[in-house]
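By full-length UniProt numbering, the letter at position 30 of the sequence shown is numbered 30, and the numbering carries on one by one without gaps. What follows is a short report on a single structure.
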Amino acid sequence: MTAVVRNAGVLEDNYGRYIGSFKGYAHGVRGTVYAVDENTLFIREFFYDGIGP
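Here is the structure:
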């Protein structure tokens, strides 16, 4: 059995295709949006202070 490993120790997260980031106008809303597939969005590091509507 032979295994070839390249870039060992380097982890790269794949969240999907980058779409953009929220612009935090109010209530500290922020996060980065990715399209995982044609039906799914992933919002990384989403934050909202919970005070607003």
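For glycine and all other residues, C-beta sits at the position ideal for the given N, C-alpha and C. Since we're looking at a predicted model, the values are computed, not measured.
In terms of Cβ geometry, Y34 and Y18 form a close pair [threshold 8 Å].
In the DSSP annotation of this structure, the continuous segment of the beta strand (DSSP E) that includes I43 starts and ends at 40–47. Annotation: the continuous beta strand (DSSP E) that includes D37 extends over 30–37. Here DSSP, grouped into helix, strand and coil, assigns Y18 to strand. If the five residues before and after F42 are omitted, its C-beta is found closer than 6 Å to the C-beta atoms of Y15, G16, Y34, V36, all from its own chain and listed in chain order.
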